[in-house]
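What follows is a short report on a single structure.
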């Protein structure tokens, strides 16, 4: 099936926009299980984007990366996190460092910032995914912001994973994917990080009877 | 026939279509909710019977009220109908296209809201005041989102007059064929529509508990023909928003010329589209619970950001 | 036209002198002063209109023996427009005063009040027609002094004295910056005449231009009431008598707008970097949103209206700022549109703000209290005041078919036309400003729904409100004139736009009247009819016909109307005013949602019954919003000045010998230098 480059570029833009939408949904969510579900949805969109890029450019190794993403980020990691949430019996984020509307406004400003920064680069690009680079940077910034704005360890982990999603999108957009070896290394790192975070959350719970990372300041002594 | 007669006929036709279709939409949403709740539900045409009954009943007017109370139903009806005449329904050749654009639409609806807030305060009961105060904050937060989202769409058509936007989109002229800004603006406008028409998750129109009411609390004291006019105006507002969403984002099928056959097809397509949207609203009402008042502000903040993103995407992705 | 001008000055002069010639009869004093002001205002209206329609601006010069000062006046279209605005408001206020001054019999000198009103109106007129910088400054200072004395009319009250003092200090800080602006222009022009300012002004070096721009913004901005220089407004405007508040809020702050337009468009020729124009836009947006937010929290009706003046000045500056930004890119038509929108909003605001202040004055006259929480149910006892206040409230909320809608529509369209800019930053900032403007508009709607609803609807909340009487005829006529103008200016933009175009044409170099008026004048279009259009008369017709249709349908389906009256259901308890929503309660959700801006502090104290901790005997609720500007900007500055003054106090030892010694030393030093 032949898709013209113009349509292909638009489809990739559409998928990236959907990715960004899920980012905002995560920032606006208070329920932890919903955050994890949205992250799974976001990863699914990411798989779709990567598969689309692979189809349009004919680079088969992106399919493998997409498949790995699907396996790890859509199935394994959300399962792990859901188990952690169940064990901890924590349902929602009660106190936010930054309240939702202010957080949303800051995220909007971050998106604008990302666009302004990448503006000089974009016209130089010739790839059909050049607009996605700006969105990728925006997703990384929003993920980082989520880590700052939230107190529960689980949501902070989700923020970290969102950052990683953004990096993957950026790599796909800028250079049609990283070398496979690098991708594999990154995936395993992320998997280990998630498992470690799961373990440390349990330890937090055992030590402080809560998963508020603000309690860690007690260690300052 | 002379253009003036033609315009008059078109305006009359639009008035009749809007007035006839609004109670049907309300009934359709109620039917969908009933089915989801495993009930038969009342007939889809029940709101017509309700209106007829209310008109015939004798209104009871509170002794503490002033002329604002009895004037508000007419003002609300007039302003919502006028707003409806600015939106293209089954044809893009609305004769009153020159009379107003998005801003005029938003402010006409605001005129109705203003008087409804006053009417809520007029009876002197605490429930009315509560409804008015909540309506004030919700209206404050929906307007910026609504204006930004329609502006994002207006940019693709190069005009803020609604008929022109729909006409150009229907003829596929001038749109960037880039779906991302439209997607964001659609999401924002849909949330705004839910908020302005008082649907779950912002406000539950079927509640009996006054402490959970927003729109219903303001009209608690109304009865008889006044209540009939207000209910009809609420249905009209729903029809206006659904027409706006259907025709601005998916205008295909609308009549772009004045030929009778295209107008007939346009009418059928129009009714099908807004009925479909009404069913969607019914499904959403069943899927979600009503939000606490101060969580609604979070939702409306999301709508505003989405509209802003739509605008941003339009400018960035276009280059 | 010269004759008209002389007649105008004569009438005001009579108004200054005659009230004092009728001693011991405050009634006549008031009427005499008001009649003189009326006559002068009528002449002023004629003068303004003829100046707008004239093909050549009228000039007149009376030389004076003082060097650099010449009593030069020039009535170009811009000045005539402001003369028209001042006179219209002055007319309504002086008719109103004929009844209102009864309030002051025996308490203060009515003669002084009437004379000062005349002086105030005269000085404002002179400010806008002055053609010489020195003359302008004299008139400006006279205006400030006249208004100060009017503000402290009720000087027995401590808070009135404080308000007057604060106003005096702030207005002189502003005047200092204005003097600075004119001195810079004088330095490069060599003379104080505006003509001389104009030519070098357009070729001043970059640094000087920026300096003039900023100094003018701060100087005139203080008088206009932009954030953060607005703090004096909520003190001074409520303290003054209501018809003076109407004049101060309606026209005095507009003279600052006149001066700003004069400096930016006329003297500087619209040449300055776009950063500064963006600053005007930014200041406008901030003033608009903060003004309305603080207004929402007020329950003193006049303070509420004062904050709304801040908001509307913000909207005017939004229009003008957007126009200026268009000018940087050479898009002259849109620049003219922005300026036109700003000017249209100027006259609209003058009309509806004066109307609202006169209405507030009527409420205070009838109930002897300014606290909104003590009003209620006044629509039945004061139907005319209520109707006029409602028209004013609908106008300020920018709802069709009134004038507020038309001017806000024009400002919105100017902001929406931002897609013409090549710069992405501006393309995004202006629609965001439009979104903030939308938020402002709807918050203003909420605020006036509160103001009108709590004051006029439902049951009276206090004995004052229960015994309120409708105000005298003169006051009603004054309000009625303004109400008619509000509706008229809204339904007939086709008359106003060509007049305004005569002003914007020379200032921006292009005339847009025929492009803005589409369809033979029945519709307004922002230069390009394809982009959008609105037809206020058509909208009004649609609304009226819609209402009639509703009536027809009700009659058709329901037959003849037979109403039944009964009391409101109060859950089984007799309805009392204590059950009604209060103004504070009405804005509570808004306070919570925007709590980051308000930083409210809430105190709730409960005193329980001796017998049981479950029943409370008494509750005290206190709620304050943080006065951000006063706490973080003004108080530190005042603190610094006070500490400097403390240090300098050492010089004032109180000893006579020391002071003689100071004089002696100075004398000796001067003699040495002379040699």
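Chains as they are written, first to last, in our numbering: chain Y, 1 to 221; chain F, 1001 to 1319; chain A, 2001 to 2675. Heads up, the beta-carbon is just placed ideally off N, CA and C, and yes, glycines get one too.
Using a beta-carbon distance below 8 Å, is residue i in contact with chain A?
i, result
"residue 1074 of chain F", "yes"
"residue 1222 of chain F", "no"
"residue 102 of chain Y", "yes"
"residue 1043 of chain F", "no"
"residue 1268 of chain F", "no"
"residue 1227 of chain F", "no"
"residue 1161 of chain F", "yes"
"residue 1110 of chain F", "yes"
Taking the alpha-carbon positions, what's the residue i to residue j distance?
i, j, result
"residue 2081 of chain A", "residue 1151 of chain F", "34 Å"
"residue 2442 of chain A", "residue 2563 of chain A", "34 Å"
"residue 2098 of chain A", "residue 2104 of chain A", "11 Å"
"residue 2335 of chain A", "residue 2322 of chain A", "7 Å"
"residue 2284 of chain A", "residue 2438 of chain A", "14 Å"
"residue 1049 of chain F", "residue 1238 of chain F", "19 Å"
"residue 2294 of chain A", "residue 2306 of chain A", "10 Å"
"residue 1364 of chain F", "residue 1249 of chain F", "Residue coverage of chain F in this structure runs from 1001 to 1319, which leaves residue 1364 of chain F outside it and unanswerable."
"residue 2665 of chain A", "residue 2659 of chain A", "10 Å"
"residue 21 of chain Y", "residue 178 of chain Y", "25 Å"
"residue 2019 of chain A", "residue 2180 of chain A", "38 Å"
Between residue i and chain F, is the shortest Cβ-Cβ distance under 8 Å, so that the two count as touching?
i, result
"residue 84 of chain Y", "no"
"residue 2384 of chain A", "no"
"residue 71 of chain Y", "no"
"residue 2535 of chain A", "yes"
"residue 110 of chain Y", "no"
"residue 2193 of chain A", "no"
"residue 28 of chain Y", "yes"
"residue 24 of chain Y", "yes"
"residue 2600 of chain A", "no"
Contact defined as beta carbons within less than 8 Å: I believe residue i pairs with residue j. What is the distance between those atoms, to the nearest angstrom?
i, j, result
"residue 2083 of chain A", "residue 2133 of chain A", "Between residue 2133 of chain A and residue 2083 of chain A the Cβ distance is about 19 Å, and since that is not below 8 Å, they are no contact."
"residue 2033 of chain A", "residue 2015 of chain A", "5 Å"
"residue 2245 of chain A", "residue 2302 of chain A", "6 Å"
"residue 14 of chain Y", "residue 1179 of chain F", "5 Å"
"residue 2433 of chain A", "residue 2281 of chain A", "6 Å"
Could you please give the first and the last residue of the uninterrupted alpha helix (DSSP H) stretch that includes residue i?
i, result
"residue 1237 of chain F", "1224 to 1249"
"residue 2169 of chain A", "2158 to 2189"
"residue 1015 of chain F", "1003 to 1036"
"residue 1140 of chain F", "1126 to 1157"
"residue 2333 of chain A", "2332 to 2367"
Go to residue i, then tell me how far its beta strand (DSSP E) extends in each direction, as first and last residue.
i, result
"residue 2072 of chain A", "2070 to 2075"
"residue 2564 of chain A", "2564 to 2566"
"residue 2617 of chain A", "2616 to 2624"
Kindly say whether residue i, judged by its beta-carbon, lies nearer than 8 Å to any beta-carbon of chain Y.
i, result
"residue 1301 of chain F", "yes"
"residue 2596 of chain A", "yes"
"residue 2426 of chain A", "no"
"residue 1183 of chain F", "yes"
"residue 1308 of chain F", "yes"
"residue 1139 of chain F", "no"
"residue 2012 of chain A", "no"
>> Under 8 Å, with one C-beta from each stretch per pair, do the segment 184 to 199 of chain Y and the segment 36 to 55 of chain Y reach the 3-pair mark?
In response: no
> Can at least three beta-carbon pairs, one atom from the segment 2398 to 2418 of chain A and one from the segment 2340 to 2358 of chain A, be found at a separation below 8 Å?
Replying inline: yes
> Using 8 Å as the threshold, is the segment 2214 to 2232 of chain A in touch with the segment 2617 to 2625 of chain A, meaning 3 or more CB pairs across them?
Replying inline: no
> Is it a yes or a no for the segment 1201 to 1221 of chain F touching the segment 1285 to 1303 of chain F, going by three-plus beta-carbon pairs under 8 Å?
Replying inline: yes
> Is the segment 1304 to 1313 of chain F close to the segment 1145 to 1164 of chain F, with three or more CB pairs under 8 Å?
Replying inline: yes
> Contact between the segment 2380 to 2389 of chain A and the segment 2514 to 2532 of chain A: three or more CB pairs below 8 Å?
Replying inline: no
>> Under 8 Å, with one C-beta from each stretch per pair, do the segment 2497 to 2516 of chain A and the segment 2414 to 2421 of chain A reach the 3-pair mark?
In response: no
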